[in-house]
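**Q**
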Amino acid sequence: ATYSLFSCWSERRVILTETVMDTRTATAELGWISFPANGNPQWEEVSGYDENLNTIRTYQVCNVFEPSQNNWLLTTYIDRRAAQRIYVEIRFTVRDCASIPSVLGSCKETFNLYYLETDRTVSESNKGVEYWANAPFLKVDTIAADESFSQVDFGGRLMKVNTEVRSFGPLSKGRGFHLAFQDLGACMSILAVRVFYKKCPSVVQNFAYFPETLTGAESTSLVIARGSCISNAEEVDVPIKLYCNGDGEWMVPIGSCSCKAGYEPDNSNVCRACPQGTFKSFQGAGLCQQCPLNSRSTIEAATLCSCRNGYYRGDMDQPEDMCTSVPSAPRNLVSVINQTSVLLEWHSPRDTGHRDDLSYNVLCRRCHSTERRACQPCDDSVKFVPGKRGLKETRVEISKLRAHTSYTFLVQATNGVSNKSPYPAQQLSINITTNQAERPQAVTSDERSMTSPQGKIIMNLLYRHPSASVVDISWRYSQSQTLLNSSVVQSKTLGVVLEGLRPGTGYVVQVRARTVAGYGDYSKDMLFQTLTDDEYKSELGQQLSLIAGSLVGGVCIVSLIAITIICARRRQVKESIYGDKLQQYNTGGGHNSPGVKIYIDPFTYEDPNEAVREFAKEIDPSCVKIEEVIGSGEFGEVYKGRLKPIGKKEIPVAIKTLKVGYSERQRRDFLSEASIMGQFDQPNIIRLEGVVTKSRPTMIITEFMENGALDSFLRQNDGQFPVIQLVGMLRGIASGMRYLAEMSYVHRDLAARNILVNSNLVCKVSDFGLSRYLEEDTSDPTYTSSLGGKIPVRWTAPEAIAYRKFTSASDVWSYGIVTWEVMSYGERPYWDMSNQDVINAIEQDFRLPAPMDCPVVLHQLMLDCWQKDRNARPKFPDIVSMLDKMIRNPASLKTSTNNIVPAPSHHPLLDRGAPDLSSLSSVEDWLAALKMTQYRDSFLGSGFTSLPLVTQITAEDLQRIGVSLAGHQKKI
């Protein structure tokens, strides 16, 4: 076997083929079987040269001078190697019949390709006349030459080599097959035959390995391939799988793997171990990081860097955090003793260990002598305020100590790694003895009737003149000094009025409380200044004026508020419907009927996500079940699934997903379609069920349309529907477009491919939300979406092509093209003409002719839709009325025409009309005019060799010769 590898870098896709037979590599006789084996008419194996003068083995036949040729050539047995679909590439030459003089027989320029499935080689002895007459092979195709040779130069013919590729399948009845070539009277040579099948190549995607996978039996088949995580990677989402399509391309990735902790992605397909000195603590796409400060890693694939000696990592620290150390001891510990209470204060350590979770513990020990040799922990009755462990402040009040007793207090500094160190916390100690503090001489006290756990509280209110020498000195630092120029007021309540103060004088006021256990601290200084006599009078006048002014001002403010509210409401009514906050429907106005909703462009919102929240319902992803892939779109895959809303019946739905790795703009554009669909509610508009935006993948969920797109549905059912049913489908499309026009929405891409059909043959308009612009400076103009997707101009009105004028009138033009598509059962508008040819033809007033058996009234409707003046085109309500009249009067649909509309006589499209039989001379020409050349051999083989005989053909004859499609029977 040989392998071929193709690469298309525009999409980064790789296609792998495996060749099971290639005659170009043959060095000996091929040994194929021919029939008839004896006599003059037969295939002959000869040696020859290809166009590059390489020696090749060929088969040739040229029995054009004998009638009724039936020459067969059978290849050797070919092992299919589990492939279900086989491709055959044939290189051949064909002599032009017109260049052969005196041809008496029936000269051909085609041959037939067949295949036969079998488990073993068919021997030549089995190839009698009866065997070949019964022809047990399955036909692949009739193959015609694109070019034939007839010229003679330098004594030899100039050969023109044709290359054709055909495929067939599914293969399942045997381990292999034979190919057979049938010649019916051609002068030709088979230069080379290559037989191969396609594979999706082995690939690493999303850090998962997928093996080579054979394509499916059909070109549209999707074959599931299960993936496995590459070395040093672990699963993220399961199952891990890819789909191999019929062209040997991978698509629709589901699930993924990612690199383990300690490994980083390298070139997106290898998980590389973190080198020494780096680490990666988590699974995922991140890269290895340098070890944090004070840490190191001495091995590869480290998930954590170990701390250096003397440094630690706390219980709540992350692997990315630096290693830290324990703090040093507190500094400058001082005490203030008040009988059996003590206030301890200290400064923070010089070294905090590079942490911000510093705290303090206070340890208390009671000693029996001044020598402090026999100390023990303090009783539980000793009280610490705010506490004795985990203090954040650098002070603590300790009370309920024993009188005349020696104590030792230790203050420890701790942080988040102190419990990791094998050494005790750094601390500072102080020794005190209770009942040694003196009272300030200037302060007296009196008991009041407010109790506390410590006893009765005495409230002292001190006010003093700013000139006092102890203004900035706390009493506890100067226990023996009297507060100068001060007075004390004792109060039994929580408030007091100071009397007898000097006018125009500044005062400092402090407050403190005392219990039987001792004094508390003074409050912070509060500075105020009394008024002078003149200031007092002025202040009183100002207060009276302020009261009067407040009353007048209040009335004015109330009036101003009322006026503001009225103006705001009027302004809100005048604001555009596209305002930032007023995103709601307006009714009436313009050309719309009262009560009709007006479409709101979601891109007018400052935040497009707000439009999604307003117009689309958020669905819980647990209510959505994805079943199978049914296609792919511009943003991701499309699935069939089930939706089971809470408390409602389960329904089938279509699910559009946003592909992985999207940008914020792609997400906005993807969800804009939901913001648009969510505003529509009409039976002929695709219905939005809701969106999933709060989890991945992001999804748009719509109703499921069983028959898919209208164009492909019609092609699959060519000729199966009566005209009245086609008109009913057109009426549904027109009804949906009438609704959109009434909402002032312009579709801009109305085509049969964007119409969906359900199981009841109801047609619904879809594909909303893509903004488009005209691509300039190109030889083949096309509309291009904002994301780069090209849209053909065949459905677009001329003013939209020339001036970008998109209106409901341009949608009417597109509707006329859709009508032509429906009546021609999905044929491509303007056939194989280029876009520029289409633009030129329309400019020359050419219009598409009526499809086969199209009623006159329907073709006239198309022509009305294709009026050059957009104002002369019918409106969608008019179109709906016209179609309703046709449905009510079916007789109007019976008159048909195949005549071409007036067009320039020189235009090539004139040849697209119904063929004029009087100008045709043979059955082959007649079938070619009908585009039915695939039945040429069937007609000739069944005896219909002339046009007079064809005119007598019946429906039974058509069935007998193999014309089974109703549309083809009708056309013939």
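Okay, so the sequence shown: first residue is 1 according to my numbering, each after it adds one. For each residue, glycine too, the CB sits at the ideal point set by N, CA and C.
Would you report the Cα separation of D146 and R166, rounded to the nearest angstrom?
**A** Going by C-alpha positions, D146 is about 15 Å away from R166.
**Q** Judging by CA-CA distance, which residue of E689, G631, E673 and Q682 is the nearest neighbour of P645?
**A** For the residues E689, G631, E673 and Q682, the minimum Cα distance to P645 belongs to E689.
**Q** Using only CA atoms, which one of S399, V812 and Q283 lies nearest to G736?
**A** V812
**Q** Determine whether the beta carbon atoms of A407 and C364 lie at a separation below 8 Å.
**A** Position check: residue 407 holds Tyr in this sequence, whereas Ala was assumed. Cβ distance < 8 Å, so Y407 and C364 count as in contact.
**Q** For D711, tell me which candidate among V757, G732, Y209 and F704 has the shortest Cα-Cα distance.
**A** Comparing Cα-Cα distances from D711 to each of V757, G732, Y209 and F704, the minimum goes to V757.
**Q** Report the residue from A616, Q60 and M862 whose alpha carbon sits nearest the alpha carbon of V692.
**A** A616
**Q** Since F111 and F168 are thought to touch, with beta carbons under 8 Å apart, how far apart are those beta carbons, to the nearest angstrom?
**A** With a Cβ gap of about 16 Å, F111 and F168 do not count as contacting.
**Q** Along the chain, where does the alpha helix (DSSP H) that runs through C865 open and close?
**A** V856 to C865
**Q** Which value, in whole angstroms, describes the spacing of the CA atoms of D141 and V193?
**A** 15 Å
**Q** S964 to E924, Cα distance in whole Å?
**A** 19 Å
**Q** Under a three-way DSSP split, which group does A180 fall into?
**A** strand
**Q** Using CA coordinates, which residue listed in T945, K970, F876 and V122 is at the minimum distance from R731?
**A** F876
**Q** Do T324 and N435 have their beta-carbon atoms positioned less than 8 Å apart in this structure?
**A** no
**Q** Are there three or more Cβ pairs, one per stretch, closer than 8 Å when the segment 392-403 is compared with the segment 343-352?
**A** yes
**Q** Considering just the uninterrupted stretch of the alpha helix (DSSP H) at S325, what are its terminal residues?
**A** No alpha helix (DSSP H) contains S325, which DSSP labels as neither H nor E.
**Q** Would you list the residues sitting across from R166 in a DSSP beta bridge?
**A** V88
**Q** Taking only the alpha-carbon atoms, compute the straight-line gap between G216 and Y745 and give it to the nearest angstrom.
**A** 43 Å
**Q** Taking the continuous alpha helix (DSSP H) assigned at N717, which residues delimit it?
**A** First-last for N717: undefined, no H or E at that position.
**Q** CB-CB under 7 Å to F806, same chain, minus the five flanking residues each way: which ones, in chain order?
**A** V746, R748 and A800
**Q** In terms of alpha-carbon separation, which member of Y815, N415, T163 and P101 lies closest to V765?
**A** Y815
**Q** Output needed for L883: all residues of its chain with C-beta closer than 7 Å, excluding positions within five of it in sequence on either side, in chain order.
**A** So the list reads V727, L730, R731 and A734, once near-sequence residues are dropped.
**Q** To which residues of the same chain is G633 closer than 7 Å at the C-beta, ignoring the five residues directly before and after it?
**A** K656
**Q** What do you get for D119, buried or exposed, if any count of 16 or more other CB atoms within 10 angstroms of its CB means buried?
**A** exposed
**Q** Name the DSSP beta bridge partners of Y114, please?
**A** According to DSSP, which records beta bridges pairwise, Y114 is partnered with K139 and A180.
**Q** Taking all protein chains shown into account, decide if Y49 is buried (16 or more other Cβ within 10 angstroms of its Cβ) or exposed.
**A** exposed
**Q** Measure the alpha-carbon distance for I651 versus L222 and round it to whole angstroms.
**A** When rounded, the distance between both Cα atoms is 25 Å.
**Q** Using 10 angstroms around the beta-carbon of G248, count the other beta-carbons present and answer buried if the total reaches 16, otherwise exposed.
**A** Buried is the call here.
**Q** Measure how close the beta-carbons of L116 and P136 come, nearest whole angstrom, since I'm counting them as under 8 Å.
**A** 6 Å
**Q** State the beta-bridge partners of W72 as determined by DSSP.
**A** Under DSSP, W72 shares a beta bridge with F35 and Q182.
**Q** Going by beta carbon distance, what residues of the same chain come within less than 6 Å of A809, once the five residues before and after it are set aside?
**A** R870 and R873
**Q** Compare the beta carbon distance of L171 and I86 with 8 Å and say whether it is the shorter of the two.
**A** yes
**Q** Do you know how far the Cα of R91 is from the Cα of P851?
**A** Rounded to whole angstroms, P851 to R91 spans 37 Å at the Cα level.
**Q** Alpha carbon to alpha carbon, what distance is there between N267 and S228?
**A** The straight-line gap from Cα to Cα measures roughly 18 Å.
**Q** Do E44 and V64 have their C-beta atoms within less than 8 Å of each other?
**A** no
**Q** So, at 6 Å on beta carbons, what are the nonlocal neighbours of K108 in its own chain, with the 5 sequence-adjacent residues on each side left out?
**A** L184, G185 and A186
**Q** Is F670 helix, strand or coil when you go by DSSP?
**A** helix
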